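First residue of the sequence shown: 45, per the numbering used here; consecutive thereafter. Positions of the beta carbon are idealized from the N, C-alpha and C atoms, including for glycine. None of the values given here were measured: they were computed from a predicted structure.
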Amino acid sequence: MDLDIELFKTSNPDFYSQYKTARLVRPTRGGATSVLGSVTEAQSGEPIKGVTFTFVAVSNGTVKGATAELPKPIVKKSAEKGKFRASLPENTYHVTVEKIGFQKQELTITVASGETTYLHVELVKL
Numbered sequence: 045m046d047l048d049i050e051l052f053k054t055s056n057p058d059f060y061s062q063y064k065t066a067r068l069v070r071p072t073r074g075g076a077t078s079v080l081g082s083v084t085e086a087q088s089g090e091p092i093k094g095v096t097f098t099f100v101a102v103s104n105g106t107v108k109g110a111t112a113e114l115p116k117p118i119v120k121k122s123a124e125k126g127k128f129r130a131s132l133p134e135n136t137y138h139v140t141v142e143k144i145g146f147q148k149q150e151l152t153i154t155v156a157s158g159e160t161t162y163l164h165v166e167l168v169k170l
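Shown next as structure tokens:
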């Protein structure tokens, strides 16, 4: 249909302009929600493969369902270059980052709907 409208570009510029304005595609906030992360060794800055990231959803400062059913943790491991990607629903998460031979880290992140959250962790060798 857009190709047909191009015929009106010179013969009826007002119509063409109104059509183009009405056809603008506007981005919505409902895009993919993900966490992109990386992990390096604190002293050398080298990426670390095989680090486990465990995400547990929280709500209002307490673990969701603390009085009922506990949420299932989401577990991801870093790849060859110390990177990982996780698709997570909008929420706040307690994150545990661990690998044998390194000091465990615990932190909290917030994942917003339709946005990418970036997480970089530096682990200290034991």
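- Residue environment analysis places Y137 among the buried positions, since at least 16 neighbouring C-beta atoms fall within 10 angstroms of its C-beta.
- Counted as a single uninterrupted DSSP element, the stretch harbouring V168 is not any beta strand (DSSP E), since DSSP gives it neither H nor E.
- For E124, the closest C-alpha among the options G158, K148, G94 and V155 is that of G94.
- Residue environment: A156 is assigned as exposed (fewer than 16 neighbouring CB atoms within 10 Å of its CB, all protein chains considered).
- About 11 Å separates the beta carbon of V139 from that of K148, a gap too long to meet the 8 Å contact definition.
- Straight-line spacing of the CA atoms in P91 and L80 works out to 14 Å.
- In the DSSP assignment, I144 falls outside any beta strand (DSSP E), carrying neither H nor E.
- The beta carbon of S131 lies closer than 6 Å to those of S78 in the same chain, with the five residues before and after it left out.
- Excluding the 5 residues flanking it on each side, T160 has same chain C-beta neighbours closer than 7 Å at S78 and L80, in chain order.
- Within the same chain, and ignoring the five residues on either side of Y162 in sequence, the residues whose Cβ sits closer than 7 Å to its Cβ are L80.
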